[in-house]
Amino acid sequence: MRRDELRAVVAYELTLLALRRSLLTDALHTWWMTDLPRGRPVPPEVEDVLIGMFGRADAAAARVAGVPASTSALLRGTLITKSFTWFAVRYGGPAALLHGFPTDLYAGWRWKVRHDGLLTAFTRSLTEDDRPGSATMRIAALTGEPPTAVAAEIATHGIGMLARSAGAVVLPEGLPEEDERRLARAFMRELLAHPAARGVPLREVPDRLWDDVLEQERTDVLAVVAALLGRKDATSEDVVDVARAGRADELAWDHRAWLCPHRDPAVCALFPVLHRELRESGHAYANPLARRVLIAPDGARVDVAALAAEVAAGT
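Using my numbering, the letters of the sequence shown correspond one by one to residues 788 to 1102.
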């Protein structure tokens, strides 16, 4: 972020902190931050209070840094938060299974941002979120534009939608290694609600733990596909049929409702199914920080997400 964007962030956070000074408003904010990302309904009376708080904090940011910097900071900040939280869960979670925490959590996230397009991966989920208090709705309130126009501009231009006024994204090199290690331990302890005993670099997490995460996703998607089809069980072929029939958006499962970097619901559903079959056929991981990329026994690289899109399209 640029300096003017950081000014907007500080103004917003200090204002929100003041508004959360009472135990009640702080509890309501915690409720919102826990339930909204997972798609759970929040009572209207709670929603009204929180949206009013966010609006006042956004207005304070605009007074300090201006509307363009405030909207840019809101957009980029939302994508940073979504991508970092997703990375901590998907990549830090397996390390926690070893009673540890990823010592390179922040460095790993920065690698994903630079080399794997992680920020822009979440623009779809951001534009689809039209709930009150979402980033799109708050940007619309700041700019005076219709929410649909804001969503369309984000979908078209991503994090560059406000580059003409706010400048390019600057990604810092990070803090000293020991500081990032301590922050990673604290973050994972809060995220997973249990203490981490030791540091585990992501490269030392066994492949079987990466596989276990995707196997659970496969189990989940088979269950919701079976429910959609009115059956007791479902197969991989059923998932393919549902995806090709354009019915993947009818699947209701927690993975899709919470945070998903895939570009459409069909890829979301097919990914764990295809990944498991490729792993069983002898495909190996190319990089522990890019689990969607597998290496075939003959050395060919397979992007499982791209393959899922091709399968969904019938190609």
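Positions of the beta carbon are idealized from the N, C-alpha and C atoms, including for glycine.
This structure is a prediction, so every number in the text was calculated from the model and none was measured.
Start and end of the beta strand (DSSP E) containing residue i?
i	result
R1088	R1088 to D1090
V1080	V1080 to I1082
Taking the alpha-carbon of residue i as reference, which of the options has the nearest alpha-carbon?
i	options	result
C1047	A795, D916, E792 and A844	D916
V876	A1035, R995, A980 and D1051	A980
P1084	L1094, A1093, A1077 and A1073	A1073
E967	T890, S870 and D1090	T890
S870	S1068, V797 and R901	R901
T923	W873, S859, R1034 and S1068	S859
R897	E960, E1004, E1024 and S921	E960
G986	A856, A1093 and G880	G880
G895	F874, A882 and H886	F874
A1071	A984, A1096, V1027 and D998	D998
How big is the Cα-Cα spacing for residue i and residue j?
i	j	result
G974	F888	Reading off the sequence shown, one finds Phe at residue 974, where the question assumed Gly. Distance between the alpha carbons of F974 and F888 is about 9 Å.
V1098	L804	48 Å
S988	C1055	Reading off the sequence, residue 988 comes out as Pro, not Ser. C-alpha separation (whole angstroms): 27 Å.
A953	R850	Residue placement at A953 is flagged as unreliable, the pLDDT there being 44, under the threshold of 50; the coordinate-derived value follows with that caveat. Roughly 16 Å separates the two Cα atoms.
V1060	A1077	17 Å
R1088	L810	53 Å
D813	V836	11 Å
I867	T1022	36 Å
A938	T907	14 Å
G842	P934	15 Å
R808	L801	11 Å
G1143	A1010	Lying outside 788 to 1102, the shown extent of the chain, residue 1143 is not represented and no answer is given.
G1069	I941	39 Å
Per DSSP, which residues does residue i bridge with? Please list them.
i	result
A798	Paired residues: none, contrary to the question.
Y1072	L1081
G887	R985
Residue range of the alpha helix (DSSP H) that residue i falls in?
i	result
W997	D994 to L1016
A893	Strictly speaking, residue 893 in this sequence is Tyr, with Ala absent from that position. From DSSP, the alpha helix (DSSP H) with Y893 extends over L892 to D903.
E1024	S1023 to R1031
S870	V854 to F874
L978	E964 to L979
Counting only runs of 4+ residues fully inside the region 913–945, write out the alpha helix (DSSP H) ranges in chain order.
-> Fully enclosed alpha helix (DSSP H) runs of 4 or longer: 922–930 and 934–944.
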